[in-house]
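Trainee: Chains as they are written, first to last, in our numbering: chain A, 1 to 204; chain B, 205 to 408.
Glycine included, C-beta positions come from ideal geometry on N, C-alpha and C.
Quick caveat, the model's predicted, so the values are computed rather than measured.
Protein chains: 2
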Amino acid sequence: MSGVAFLPNERLLAWREMGRIEEILNAAGKLFSERGYHATSVRAIARQLDLQGGSLYAHIESKEEVLFQIVERAAKRFAAVVENLPEGGARERVCAFVRGHLRVVVEELPYATVFFHEWKFLSEPYKARIRELRDAYEAALKELIEAGVREGVFRVEDPDLAAKFVLGALNWVYQWYRPGGRLGPEELGRVFCPLVLGALGGEG
Amino acid sequence: MSGVAFLPNERLLAWREMGRIEEILNAAGKLFSERGYHATSVRAIARQLDLQGGSLYAHIESKEEVLFQIVERAAKRFAAVVENLPEGGARERVCAFVRGHLRVVVEELPYATVFFHEWKFLSEPYKARIRELRDAYEAALKELIEAGVREGVFRVEDPDLAAKFVLGALNWVYQWYRPGGRLGPEELGRVFCPLVLGALGGEG
DNA sequence: CCTACCGATCGGTAGG
DNA sequence: CCTACCGATCGGTAGG
Numbered sequence: 001m002s003g004v005a006f007l008p009n010e011r012l013l014a015w016r017e018m019g020r021i022e023e024i025l026n027a028a029g030k031l032f033s034e035r036g037y038h039a040t041s042v043r044a045i046a047r048q049l050d051l052q053g054g055s056l057y058a059h060i061e062s063k064e065e066v067l068f069q070i071v072e073r074a075a076k077r078f079a080a081v082v083e084n085l086p087e088g089g090a091r092e093r094v095c096a097f098v099r100g101h102l103r104v105v106v107e108e109l110p111y112a113t114v115f116f117h118e119w120k121f122l123s124e125p126y127k128a129r130i131r132e133l134r135d136a137y138e139a140a141l142k143e144l145i146e147a148g149v150r151e152g153v154f155r156v157e158d159p160d161l162a163a164k165f166v167l168g169a170l171n172w173v174y175q176w177y178r179p180g181g182r183l184g185p186e187e188l189g190r191v192f193c194p195l196v197l198g199a200l201g202g203e204g
Numbered sequence: 205m206s207g208v209a210f211l212p213n214e215r216l217l218a219w220r221e222m223g224r225i226e227e228i229l230n231a232a233g234k235l236f237s238e239r240g241y242h243a244t245s246v247r248a249i250a251r252q253l254d255l256q257g258g259s260l261y262a263h264i265e266s267k268e269e270v271l272f273q274i275v276e277r278a279a280k281r282f283a284a285v286v287e288n289l290p291e292g293g294a295r296e297r298v299c300a301f302v303r304g305h306l307r308v309v310v311e312e313l314p315y316a317t318v319f320f321h322e323w324k325f326l327s328e329p330y331k332a333r334i335r336e337l338r339d340a341y342e343a344a345l346k347e348l349i350e351a352g353v354r355e356g357v358f359r360v361e362d363p364d365l366a367a368k369f370v371l372g373a374l375n376w377v378y379q380w381y382r383p384g385g386r387l388g389p390e391e392l393g394r395v396f397c398p399l400v401l402g403a404l405g406g407e408g
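(1) Determine the direct distance from the alpha carbon of B:S245 to that of A:S33, and round the result to whole angstroms.
(2) Would B:G402 pass as an interface residue toward chain A - the criterion being a Cβ-Cβ separation below 9 Å?
(3) Spell out whether any CB of chain B is found under 9 Å from the CB atom of A:R35.
(4) Keeping to the same chain, check which residues put their C-beta closer than 8 Å to that of A:L122; ignore five residues upstream and five downstream.
(5) Does DSSP put B:G207 in a helix, in a strand, or in coil?
(6) In the DSSP assignment, the alpha helix (DSSP H) including A:H101 goes from what residue to what residue?
(7) Would you say B:E361 lies against chain A (beta-carbon separation less than 9 Å)?
(8) Distance cutoff 9 Å, beta carbons only. Does B:L211 sit that close to anything in chain A?
(9) Could one say the Cβ of A:A169 lies closer than 9 Å to chain B's Cβ atoms, at least one of them?
(10) Between the alpha carbons of B:G384 and A:E186, how many angstroms are there, rounded?
(11) In whole angstroms, give me the CA-to-CA distance for A:Q52 and A:I24.
(12) How about A:A96: is its C-beta nearer than 9 Å to some C-beta of chain B?
(13) Flag A:H117 as yes if its beta-carbon sits less than 9 Å from any beta-carbon of chain B, otherwise no.
(14) Are there 16 or more other CB atoms within 10 angstroms of the CB of A:Y37, so buried, or fewer, so exposed?
(15) Only counting the same chain, and skipping five residues up and downstream in sequence, which positions put a Cβ closer than 6 Å to that of A:V196?
(16) Which residues in the same chain as B:E328 place their Cβ atom closer than 8 Å to its Cβ, once the five residues preceding and following it in sequence are excluded?
(17) Return the residue from the list B:L404, B:A332, B:E336, B:V309 that minimises the CA-CA distance to B:A367.
(18) The alpha helix (DSSP H) spanning A:V173 covers which residue range?
(19) Would you call the segment 342 to 359 of chain B and the segment 375 to 382 of chain B touching, i.e. three or more CB-CB distances under 8 Å?
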């Protein structure tokens, strides 16, 4: 009997169930990122876990709910980046943002890919919630940039477009980054940080 | 009888067929860009042209061939950008690239969206052909950047990553740009050009 | 978590 | 370009 067995039964069940759902989300995330949401069948997800197709519905409500969970998790990991920014000047804070954002893209590549590609396929109560998180994140970067302009360290004509520009440059990494390659998230941050600062007029 | 009626019959038929295929590609491009390739049925494409589902196969070989034609067209419009770059210094040439690239994204938004999102779903003879075009395009931008470094107008640590950075920033426009908005392709180019030059160390 | 099934829809084809 | 159809597969459910 391991220590786990002393947990109250209810929590034990909840815990085991959480592990199973985690497995489902990871398997689905990988498949969704490779083939897309619509091209991935519920049966294909189940096969990865050695289950029968219908058995997944003992754990999930619908295929769309699985997509939502994946997309929401990715959105929250991005949100955590702006919540954990260090105090300091705009240059340091923007660089920390760049490094943190790239870390999420690179370390959660399947989730990030699904977040970028498939969120539009969510239907309405779900989609609005994700749009909210996306907009808040972009607004946070825009404010970082505006703070730098006020400090006099950035020169930017249109902070809104500049934020979209930077996010695009960072997000696009998901298109070509492959985990086993020559480049880790740290090196990537080291190269991308001066590119971003340069774009913002902060002299690389 | 219009002038067209004097065309030799064969050419007339070929001409009319081309028009029909154009309509199919446009309808399919719009639907693919909105819902994705796998979520768009052949019947949905046919419905846009007031045809029955099976009737499309009088014009096309397969659904995948339609996807390929769309993706290849987009790739060729991008390729035309680097082929028509003006002579001059690296700054001017990069700016022309930025403007030209954004024009394609904005003016061919559905095709560009499908190009970015759905090309990976092509099967092998098709996919290799597209990968070729993508790689050549990225290599061309990389060489533009390297030329600027040699001229002494850019300061860039890693031209390959810099090219990926710039392409990401430009491509991402497809994610938020909406045709009826406040922003035309010219204004977009005017704002993005200094951002790119700044990123490359060319002092915005 | 499995077996067995539901109605719906898919890409594509034959024959006209 | 239409009608009518093919086998395959889809998301999801009932009953256990």
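Mentor: Per the coordinate set shown:
(1) Rounded to whole angstroms, A:S33 to B:S245 spans 21 Å at the Cα level.
(2) Closer than 9 Å to the CB of B:G402 there is at least one CB belonging to chain A.
(3) At least one C-beta of chain B is nearer than 9 Å to the C-beta of A:R35.
(4) The answer, listed in chain order, is E64, L67, F68, V71, I130.
(5) Because B:G207 carries a pLDDT of 35, less than 50, the predicted location of this residue cannot be relied on, and the following value inherits that uncertainty. Looking at B:G207 - three-state DSSP - the assignment turns out to be helix.
(6) Unbroken alpha helix (DSSP H) run through A:H101: 90 to 107.
(7) True, the Cβ-Cβ gap to chain A drops below 9 Å.
(8) Any reading at B:L211 is ruled out, since the residue's pLDDT is 45, under 50, leaving its predicted position unreliable.
(9) The C-beta of A:A169 comes closer than 9 Å to at least one C-beta of chain B.
(10) Rounded to the nearest angstrom, the two C-alpha atoms are 40 Å apart.
(11) One Cα belongs to A:Q52, the other to A:I24, and the distance between them is close to 13 Å.
(12) Not flagged as an interface residue toward chain B: A:A96, since no C-beta distance is shorter than 9 Å.
(13) At least one chain B Cβ lies under 9 Å of A:H117.
(14) Classification of A:Y37: buried, given that the 10 Å Cβ count is 16 or more.
(15) Here the set comprises V98, V166.
(16) Once the five neighbours on either side are set aside, B:E328 has no close Cβ partner at all.
(17) Taking B:A367 as reference, the option from B:L404, B:A332, B:E336, B:V309 with the minimal CA-CA separation is B:L404.
(18) Annotation for A:V173: the continuous alpha helix (DSSP H) segment containing it runs 173 to 176.
(19) No, the segment 342 to 359 of chain B is not in contact with the segment 375 to 382 of chain B.
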